[in-house]
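First up is the structure itself, then whatever we jot down about it.
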Amino acid sequence: MNDSVSCLIAGDDPVDNPTDLAVTYPIVEIFHSVQGEAFHAGIPHVFIRFGTCNLRCEWCDTDFMTFTSMTALDILGDVMEYDCKRIIFTGGEPMLHDLWPLHRLLKARGYNLSVETNGTIEVPEGLLDWVCVSPKDQMYPGVKIRQRTGDELKCVY
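Just add 23 to wherever you are in the sequence shown, counting from 1, and you've got this note's numbering.
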């Protein structure tokens with residue numbers, strides 16, 4: 024993280040809770056790209072790919088067990104390197120983690136927040152601007168889908 028970004032995000036903002044800055048998350052990668060799928064296809068986003076998942080889909084392209092533990096402050100610093108205000112939390116399964124600290128830090132800076140989730144964990148009301156549910160209950164008969172609503176349904180089998 025460069026010094027100018029560090030000065031902007033090091034807790035000087037009155038909306039920053041010091042506890043939020045120190046929360047850690049398992050992050051596989053953070054990158055900027057054009058969304059290639061579904062409703063937002065063609066729109067640039069910053070992707071925050073979380074490690075860990077509660078399912079083991081054979082076709083998954085993410086090595087979600089290999090990740091770096093990053094603080095919310097570090098994640099914010101990486102995100103601010105890109106000239107893009109749209110973020111997608113993806114995985115792994117982002118909803119395994121408390122996203123409220125990241126929500127507060129990113130929303131205070133004008134970011135639009137989306138998630139791609141397998142739907143096994145309910146998304147708290149008001150946490151995200153866009154929810155894409157990609158249920159896997161057909162592949163895992165014992166899995167209960169708890170997220171019954173969303174902005175988008177993506178079926179990958």
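Ideal Cβ positions, reconstructed from N, Cα and C, are used throughout, including at glycine.
Looking from the CA of glycine 142, the closest CA among Asp174, Trp123, Arg109 belongs to Asp174. Excluding the 5 residues flanking it on each side, histidine 55 has same chain C-beta neighbours closer than 8 Å at Pro67, His68, Val69, Phe70, Tyr105, Cys107, in chain order. Just so you know, the alpha carbons of threonine 94 and asparagine 40 end up roughly 13 Å apart.
For methionine 93, the secondary structure class from DSSP, reduced to helix, strand or coil, is strand. Separation of methionine 88 and glycine 165 (C-alpha to C-alpha, rounded to the nearest whole angstrom) is 23 Å.
Taking the CA atoms as reference points, glutamine 58 sits about 12 Å from threonine 113.
Lysine 167 counts as exposed, since fewer than 16 other beta carbons sit within 10 angstroms of its beta carbon.
Minimum Cα-Cα distance from threonine 42 among the listed residues Ile144, Tyr134, Pro124, Phe90 corresponds to Pro124.
With a cutoff of 9 Å on beta-carbon distance, leucine 96 and alanine 45 are scored as near each other.
Note on the segment 36 to 68: whole beta strand (DSSP E) runs with a minimum of 3 residues are 47 to 57, in chain order.
Residue range 153 to 156 is occupied by the beta strand (DSSP E) that includes tryptophan 153.
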